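See below for the structure under consideration.
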Amino acid sequence: NEDDFMNAHSSKYVDYCTAHCWVENWGYYNASDPSDKSLKEAQKFAHEFIDRSEGWAKKVNKPIVLEEFGMARDAWRKASDPSYKYDPATPTSHKDIYYEGIFQHIVQLVHQGRHSGANFWAYGGLGRSTDKPNQYNMTWLGDPPHEPKGWYSVYNKDTTVQVIKEFTKKL
Numbered sequence: 001n002e003d004d005f006m007n008a009h010s011s012k013y014v015d016y017c018t019a020h021c022w023v024e025n026w027g028y029y030n031a032s033d034p035s036d037k038s039l040k041e042a043q044k045f046a047h048e049f050i051d052r053s054e055g056w057a058k059k060v061n062k063p064i065v066l067e068e069f070g071m072a073r074d075a076w077r078k079a080s081d082p083s084y085k086y087d088p089a090t091p092t093s094h095k096d097i098y099y100e101g102i103f104q105h106i107v108q109l110v111h112q113g114r115h116s117g118a119n120f121w122a123y124g125g126l127g128r129s130t131d132k133p134n135q136y137n138m139t140w141l142g143d144p145p146h147e148p149k150g151w152y153s154v155y156n157k158d159t160t161v162q163v164i165k166e167f168t169k170k171l
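Using full-length UniProt numbering, you'd call the opening residue of the sequence shown number 1 and step up by one each time.
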């Protein structure tokens, strides 16, 4: 909300603003819904949220970055299996469409001087979720320990990687 945003970013010690957009966590996307309805609702909300947070940043006269956003894998392809959206082998077609829309919107705003960029959450790369701790006694990749492993991970073989590459070229 705007009050929280202003409280977090009004300090003279804060150089730029950040925003997080979590459409599934906030109830604007249902990863198990096979229709386009949920995806379109998520896209609409995200674009409006980006515009709204950009307006808030303008009020405090600071640049803004969409610091975190993500989307689960295509759980709708096997809605009866709750773990399917965390499986690295699950396709990412909704995620790809969602990321393309976010990135296109951010590129437009950047070229208009109204935004500074975006960071998706999170790159898993070659790593894959496991319950076996690594040398640092950690088991997660990009996802924080309080969330299921692989929920928002982008792996090196995901089609989403190409979407991200295209975005970086446009900036």
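The C-beta atom is built at its ideal place from N, Cα and C for all residues, glycine as well.
Just so it is clear, the structure is predicted and the values come from calculations on it, not from any experiment.
Here T130 is actually not in contact with E67; their C-beta atoms are around 27 Å apart, not less than 8 Å.
Taken atom to atom, the span from the alpha-carbon of Q104 to that of K12 is near 31 Å. In the DSSP assignment, V65 falls within the beta strand (DSSP E) that extends over I64 to F69. For A89 and M71, the gap between their C-alpha atoms comes out near 15 Å.
In this structure, DSSP gives V161 a helical state, which the three-state scheme calls helix. Contact holds between the segment 33–53 and the segment 83–99, because three or more Cβ pairs, one in each stretch, are under 8 Å apart. Around the beta carbon of T92, a 10 Å sphere encloses 16 or more other beta carbons of the protein chains shown; the residue is thus reported as buried. In the three-state DSSP reduction, Y123 falls in the strand class (E or B).
The DSSP assignment places complete alpha helix (DSSP H) segments of no fewer than 4 residues inside the segment 25–89 at 36–59, in order along the chain.
Around R128, the same chain offers P88 as residues with beta carbons nearer than 6 Å, after the five sequence neighbours per side are excluded. For Y155, the pairing in a beta bridge is given by DSSP as G125. Considering only D81, E24, N61 and H146, the residue with the shortest C-alpha distance to Q43 is E24. The DSSP-derived three-state label of T168 is helix. Secondary structure note for H105: its alpha helix (DSSP H) is the uninterrupted segment S93 to H111. A19: member of the beta strand (DSSP E) spanning C17 to C21, first to last residue. The alpha-carbon of M6 is positioned some 28 Å away from that of P145. Its chain contains H9, V14, D15, Y16 and C17 as the residues whose beta carbon lies nearer than 8 Å to that of K62, once the 5 sequence neighbours on both sides are disregarded; these appear in chain order.
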